[in-house]
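Below you'll find the structure, written out as structure tokens, and then a few comments.
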Amino acid sequence: MKIIIFFLSFLLIACSHSLKTVQQEELGIVIDLRTGQQLSPQSLVERVAKEPAILLGEIHDQYSHHKAQYWFLTQLIEKQPQGSLLLEMLSVDQQASLNNLTKKDMPLNKLADFIHWDHRWRWDWYGELLQQALLANYHLIATNLTKQEVNTIMLGAEPLRGKTSTSKEIKQQIADLIFANHSANCCSPELIQKMVEVQQFRDRRMAEKLWLSRQSTNVLIAGNHHVNRLFGVPVHLQELSGNQVKATVIMMSNEQQGIDAEQADFLWLIP
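The working numbering applies: residue 176 is where the sequence shown begins, and numbers increase by one.
Following this line, the structure appears as structure tokens:
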């Protein structure tokens with residue numbers, strides 16, 4: 176019986192996901208979208224390590240992206256020991272729990288409970304990333320809206336104010352994106368506009384958090400649409416900072432998908 180239990184335990188360990196075991200060939204290649212030059216992931220780290228605001232976009236359900244993110248953060252920490260990790264996956268009502276974290280090496284399952292992790296995001300794809308940031312004394316910063324804030328916006332909050340960031344052109348780009356990612360009959364025009372407002376409030380919140388923590392190296396991990404330079408966080412950050420902080424945008428993808436230099440600085444192609 177002991178042998179069987181040991182064997183089953185071994186299988187569970189072997190089958191569990193770990194972001195730490197990444198092979199060099201899994202990291203793919205990086206394209207500098209301004210020049211078309213191909214870079215190694217290590218060269219990417221060296222290029223961006225001193226940038227104040229690094230926006231690392233992901234496709235949420237791609238496990239390979241999460242492994243690459245973990246690798247990227249560990250490499251960045253070696254070059255920039257002081258910094259902050261900002262996450263779309265953490266809402267601002269979790270910040271108090273993050274601030275109260277005194278045990279940096281807390282086991283992963285206890286860490287998830289302590290910070291009230293939202294398990295709609297896969298903890299086995301983000302937990303080790305957060306733990307690595309904590310062990311390196313990086314600040315963890317929550318950036319997302321709370322559920323109550325989202326509900327308020329959907330019911331009719333005061334409109335977000337801005338210049339370029341809230342222009343009709345940018346709102347239409349976001350609306351087109353939302354429509355393209357849903358079935359044709361899913362949403363009324365009114366609902367689409369509410370979803371646009373939620374997206375914009377999220378982008379503004381992320382930009383605010385980047386601006387407030389600008390004294391150190393900041394890495395924001397969020398979906399590719401949030402980090403898009405045409406209509407996402409960079410537009411809001413530009414307005415908030417009066418062009419004082421320029422975001423460096425890296426988008427991760429499995430194929431080029433029409434991503435160009437208007438949207439990002441670097442395209443990280445991962446198998």
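For glycine and all other residues, C-beta sits at the position ideal for the given N, C-alpha and C.
Reduced DSSP category for residue i - H, G, I as helix; E, B as strand; rest coil
i: Ser218; result: helix
i: Thr327; result: helix
i: Ala355; result: helix
i: Gly132; result: In the structure as shown, the chain begins at 176 and stops at 446. Residue 132 is therefore absent and cannot be evaluated.
i: Ser340; result: helix
i: Val394; result: strand
i: Gly302; result: helix
i: Phe289; result: helix
i: His307; result: At residue 307 the sequence reads Gln, which differs from the His that was named. Reduced to three states, the DSSP call for Gln307 is helix.
i: Glu201; result: helix
i: Asp440; result: coil
i: Ile425; result: strand
i: Ser193; result: coil
i: Ile206; result: strand
i: Leu265; result: strand
i: Gln347; result: helix
i: Leu260; result: strand
The alpha helix (DSSP H) enclosing residue i, as first and last residue numbers
i: Trp246; result: Tyr238 to Lys254
i: Phe376; result: Pro364 to Leu387
i: Leu415; result: Val408 to Ser416
i: Leu130; result: Residue numbering for the chain in the displayed model covers 176 to 446; residue 130 lies beyond these limits and cannot be assessed.
i: Val402; result: Asn399 to Val402
C-beta atoms of residue i and residue j nearer than 8 Å
i: Gly232; j: Asn399; result: yes
i: Leu230; j: Leu395; result: yes
i: Gly337; j: Glu414; result: yes
i: Met329; j: Val373; result: yes
i: Ala439; j: Val408; result: no
i: Leu248; j: Leu335; result: no
i: Arg389; j: Val420; result: yes
i: Glu437; j: Arg404; result: yes
i: Phe406; j: Val205; result: no
i: Leu273; j: Gln306; result: no
C-alpha distance - residue i paired with residue j, whole-angstrom precision
i: Leu286; j: Ile445; result: 29 Å
i: Ile410; j: Ala317; result: The sequence given here places Val at residue 410; Ile does not occur at that position. Those two C-alpha atoms are separated by around 20 Å.
i: Ala311; j: Lys242; result: 18 Å
i: Ile252; j: Ser363; result: 46 Å
i: Ile345; j: Trp300; result: 31 Å
i: Leu261; j: Glu365; result: 31 Å
i: Lys195; j: Asp280; result: 16 Å
i: Gln375; j: Ala308; result: 27 Å
i: Phe289; j: Arg209; result: 43 Å
i: Phe354; j: Gln217; result: 37 Å
i: Leu412; j: Ala228; result: 10 Å
i: Lys369; j: Met264; result: 21 Å
i: Arg377; j: Val267; result: 11 Å
i: Lys225; j: Thr392; result: 7 Å
i: Ser259; j: Tyr313; result: 5 Å
i: Cys361; j: Leu352; result: 14 Å
i: Thr321; j: Asp435; result: 32 Å
i: Val325; j: Lys278; result: 32 Å
i: Arg297; j: Arg222; result: 30 Å
Extent of the continuous beta strand (DSSP E) run through residue i
i: His314; result: His314 to Asn319
Chain C within 8 Å of residue i, Cβ atoms only
i: Trp298; result: Of the protein chains in this structure there is only one, and it is not chain C.
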